[in-house]
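**Q** The sequence shown: position 109 = 1017 (the numbering used here), numbered continuously.
Just passing along the structure, written as structure tokens.
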Amino acid sequence: MITVRSCAGLALGAVGALAMSHAAAARPPSQAMRGTLYAPARAFVQKNCAACHSQGGTNGQHDRAYRIMRLDTYADWLASTKIILAVVDTRHLDGKVMPPPKATAQPSDAERLRIVEWLERGSPNTADGK
Ligand code: HEC
């Protein structure tokens, strides 16, 4: 079993390397939203925002995005909840949508809704988000 799995891993690695020049440009840093106990929010930001809004992100837009808003820690998130809610909730049609439509990683509607609900409750820093 272990052999089969590592072979599959190598094959995937080779395919990944072919697509690498593009993917590398958008690589998120290893950690975003430090101190956030609600894991779905950490995962959401790590996947969808960190390449541009967290320290060490490698997206081409990182420097500009990071200057405007950073999401390194829970305190960063809390300081910007209103503006984040406006860009994550696609029912608010008055502002920008984040991530930008051209970004590689895009949250599903269900993922957006889960974060919007947490934001609307004031983003409590608890494991269950309540
Ligand atoms: C591909 C890079 C990229 C990704 C990914 C990204 N952003 Fe942004 N973001 C930017 C840039 C660049 C700006 C600066 C404003 C602009 O150019 O529109 C910005 C601005 C913002 C602002 C300020 C908006 C305003 O109108 O002033 C917020 C809030 C924001 N982003 C939240 C997020 C959230 C939350 C995520 C993840 C769901 C995210 N962004 C993902 C690039 C990104």
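Think of the CB as a built atom: it goes at the ideal place given N, C-alpha and C, for glycine as much as any other residue.
How many angstroms separate the CA atom of Q939 from the CA atom of Q954?
**A** As a first step, residue 939 must be located in the sequence shown, where it is residue number 31. As a first step, residue 954 must be located in the sequence shown, where it is residue number 46. Taking the straight line joining both Cα atoms gives about 7 Å.
**Q** CB-CB under 6 Å to T966, same chain, minus the five flanking residues each way: which ones, in chain order?
**A** Along the sequence shown, one-based indexing puts residue 966 at 58. Around T966: R935.
**Q** Consult DSSP for R1022 and reduce its assignment to one of helix, strand or coil.
**A** The residue labelled residue 1022 in the question sits at position 114 within the sequence shown. It is helical.
**Q** Tell me which residues share the same chain as Y974 and place their Cβ nearer than 8 Å to its Cβ, disregarding the 5 neighbours each side in the sequence.
**A** Taking the first residue of the sequence shown as position 1, residue 974 is located at position 66. Within the same chain, Y974 has close Cβ partners C960, H961, S962, Q963, G965.
**Q** So, A958 versus G1037, is the Cβ gap smaller than 9 Å?
**A** To locate residue 958, count along the sequence shown from 1; it is residue 50. To locate residue 1037, count along the sequence shown from 1; it is residue 129. No, the Cβ-Cβ distance between A958 and G1037 is not below 9 Å.
**Q** Would you kindly work out how many angstroms separate the C-alpha atoms of A1011 and F952, rounded to a whole number?
**A** For the purposes of this step, residue 1011 is taken as residue 103 along the sequence shown, with counting starting at 1. For the purposes of this step, residue 952 is taken as residue 44 along the sequence shown, with counting starting at 1. If you take the alpha carbons of A1011 and F952, they lie about 14 Å apart.
**Q** Any heavy atom of ligand 1 closer than 8 Å to the Cβ of P948?
**A** What you label residue 948 is simply residue 40 of the sequence shown in a count that begins at 1. Not under cutoff, so the answer is no.
**Q** In the structure shown, what three-state DSSP assignment does R1029 receive?
**A** Residue mapping note: residue 1029 aligns to position 121 of the sequence shown, counting from 1. Three-state DSSP puts R1029 in coil, outside helix and strand.
**Q** Do you know whose CA, among P1032, V1005, L979, lies nearest P937's CA?
**A** Along the sequence shown, read from residue 1 onward, the residue named residue 937 stands at position 29. If we check each option's Cα against that of P937, L979 comes out closest.
**Q** Taking the beta carbon of T1034 as the centre, do at least 16 other beta carbons fall within 10 Å, making it buried, or is it exposed?
**A** Here the question's residue 1034 lines up with position 126 in the sequence shown. The residue is exposed, with fewer than 16 neighbouring Cβ atoms inside 10 Å.
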